[in-house]
Amino acid sequence: MVRQDLAAATGRYLDLIGRADEEGAADLVLGLIGEGVPAEDVLLRVIAPCQRRVGELWASNEWPVAREHGATAVSERVVAAVSGRVRPTATRGRVAVACADGEYHVLPTRIMAEVLRLRGWQVDFLGASVPGPQLITHLHQTGPDVVALGCMLPTRLPRAHATIVACQAVGIPVLAGGAGFGADGRFACLLGADAWAPTADAAADRLAAGLPSFPAAPDDSGGSGDTAVHLGGEEYAYLTRHRADLLARVMDTLTGRPEHTAEDLGNIADFLIAATYVHDAALFTDFVVWTCRVLEARQVPAESVVLGLGAFHDVLTDCPDARALLNEGVAAAQACCGRSARPADQRTETSV
4 MVRQDLAAAT
14 GRYLDLIGRA
24 DEEGAADLVL
34 GLIGEGVPAE
44 DVLLRVIAPC
54 QRRVGELWAS
64 NEWPVAREHG
74 ATAVSERVVA
84 AVSGRVRPTA
94 TRGRVAVACA
104 DGEYHVLPTR
114 IMAEVLRLRG
124 WQVDFLGASV
134 PGPQLITHLH
144 QTGPDVVALG
154 CMLPTRLPRA
164 HATIVACQAV
174 GIPVLAGGAG
184 FGADGRFACL
194 LGADAWAPTA
204 DAAADRLAAG
214 LPSFPAAPDD
224 SGGSGDTAVH
234 LGGEEYAYLT
244 RHRADLLARV
254 MDTLTGRPEH
264 TAEDLGNIAD
274 FLIAATYVHD
284 AALFTDFVVW
294 TCRVLEARQV
304 PAESVVLGLG
314 AFHDVLTDCP
324 DARALLNEGV
334 AAAQACCGRS
344 ARPADQRTET
354 SV
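Everything in the sequence shown is counted per this note's numbering, starting at 4 for the first residue and increasing by one.
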């Protein structure tokens with residue numbers, strides 16, 4: 004099939020999943036495979052780009068969350084249908100594929116699992132939010148050659164790090180994938196993964212070429228655990244331990260501001276915690292800019308983000324690093340506002 008025809012099929016597929024037409028979407032995809040389109044192309048050039056488009060349509064408020072969820076559910080079923088239709092013989096080693104603990108955006112990782120299977124790997128797909136201890140039990144029972152760990156949200160990085168360390172402790176290397184590890188894979192490297200791949204086909208290529216893909220870091224301690232010294236810290240531990248109380252205090256300071264929902268403030272807290280763990284301001288400011296755009300598409304001004312960040316800043320009187328991150332977030336949100344506002348340091352502090 005020529006590229007233009009496949010592009011047209013992609014447009015039809017998006018329309019079908021947007022109407023939650025599971026049968027129509029499955030018939031379209033399986034029909035493409037029946038016409039000779041490789042299953043990998045169907046996964047990577049039809050389903051995957053449509054799913055990215057679904058996320059964009061939700062972010063821009065063109066699709067409500069129910070429609071986005073319905074479309075995603077259909078694509079998950081369609082990927083399963085592709086798996087049932089195309090069953091190659093395993094000619095390579097064994098891979099355990101799992102989402103990091105707390106990660107429920109499962110579809111990208113499922114697509115990676117299917118591409119690996121199509122490339123001849125024996126794949127154990129373990130699904131969403133796999134707790135580290137349960138994954139280690141599986142490794143002991145099955146003895147895979149590698150773990151492919153998916154993480155779409157950087158808020159899951161601390162748990163992903165614990166999983167990476169645990170897998171390596173039992174002698175299994177880890178291939179990291181997903182947007183949560185950074186567009187350039189910098190967090191995968193920082194957390195000590197053996198390799199990183201930006202896409203499902205790149206993951207298959209990486210495994211075929213062998214691991215690792217990161218240069219070995221200097222280690223004066225004689226062991227790989229030295230990486231953890233540079234992660235987390237006292238403020239991370241404090242924020243994690245007191246998250247619920249901090250949120251309650253922030254919400255108290257924002258009483259009467261209905262645009263500040265518990266979910267939105269919880270997201271600010273979680274991204275602040277993640278940025279504190281990896282000591283990366285861009286992780287937090289990128290989230291702030293994305294949040295401003297999502298809220299503005301819903302007619303909620305970016306000024307509300309500035310106010311929410313300031314409320315966290317006022318509460319976290321004993322966390323200088325977190326306050327510095329919040330100041331950078333305020334500057335990023337102000338840029339989205341298109342006008343200046345008072346720096347967080349000039350705000351009246353809330354008594355804590």
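Ideal Cβ placement from N, Cα and C applies to all residues, glycine included.
Please list, in chain order, all residues of the same chain as residue i whose beta carbon is under 7 Å from its beta carbon, the five residues on each side excluded.
i: A42; result: I36, V85, V89, L121
i: E238; result: T279, C322, D324, A325
Taking its Cβ as the centre, do 16 or more other Cβ atoms sit within 10 Å of residue i, making it buried, or is it exposed?
i: G14; result: exposed
i: D8; result: exposed
i: H316; result: buried
i: V318; result: buried
i: G226; result: With a pLDDT of 41 at G226, under the threshold of 50, the modelled position of this residue cannot be trusted, and the question is left open.
i: H233; result: exposed
i: G341; result: exposed
i: G228; result: Confidence is the limiting factor: at G228 the pLDDT is only 43, short of 50, which leaves the residue's position unreliable, though a coordinate-based value still follows. Exposed, because fewer than 16 other Cβ atoms sit within 10 Å of the Cβ of G228.
i: H108; result: buried
i: G34; result: exposed
i: C192; result: buried
i: E106; result: buried
i: D283; result: buried
The beta strand (DSSP E) spanning residue i covers which residue range?
i: C102; result: 97-102
DSSP puts residue i in a beta bridge; with which residues?
i: D127; result: A99
With a CB to CB cut of under 6 Å and the five nearest residues on each side skipped, what residues in its chain are close to residue i?
i: F128; result: V100, A116
i: L156; result: G183
i: G188; result: W199
i: V177; result: V150, L152, I167, C170, A196, D197
i: A247; result: none
i: A314; result: V253, T256, L257
i: E306; result: C340
Should residue i and residue j be called a contact, given that it needs their Cβ atoms to be closer than 8 Å?
i: G58; j: T112; result: no
i: C154; j: A200; result: no
i: A240; j: L160; result: no
i: V98; j: W61; result: no
i: G135; j: A165; result: yes
i: L242; j: L275; result: yes
i: R80; j: A29; result: yes
i: L119; j: A11; result: no
i: L138; j: A163; result: no
i: I114; j: I50; result: yes
i: L110; j: T75; result: yes
i: S63; j: A300; result: yes
i: A203; j: L298; result: no
i: V308; j: C295; result: yes
i: V77; j: A23; result: yes
i: V173; j: H143; result: yes
i: L268; j: L286; result: no
Could you please give the first and the last residue of the uninterrupted alpha helix (DSSP H) stretch that includes residue i?
i: A29; result: 25-37
i: A151; result: Taken as a continuous stretch (DSSP letters only), A151 belongs to no alpha helix (DSSP H), being part of the beta strand (DSSP E) at 149-153.
i: W199; result: That residue, W199, is in no alpha helix (DSSP H); its beta strand (DSSP E) goes 198-200.
i: L214; result: Taken as a continuous stretch (DSSP letters only), L214 belongs to no alpha helix (DSSP H), as it is neither H nor E.
i: V177; result: Note, V177: premise wrong, no alpha helix (DSSP H); beta strand (DSSP E) at 177-180.
i: I167; result: 160-172
i: S307; result: 306-318
i: F287; result: 284-299
i: S63; result: Counting along the chain, S63 falls outside any alpha helix (DSSP H), and DSSP gives it neither H nor E.
i: R189; result: 189-193
i: F274; result: 265-281
i: L328; result: 323-340
i: I114; result: 110-121
Quick one: what's got a C-beta closer than 8 Å to residue i's C-beta in the same chain, skipping five residues either side?
i: L312; result: I271, V291, L329, G332, V333, A336, A347
i: Y16; result: A28, L31, V32, V49, I50, C53
i: E71; result: V57, G58, L60, W61
i: V82; result: L46, I50, L110, R113, I114, E117
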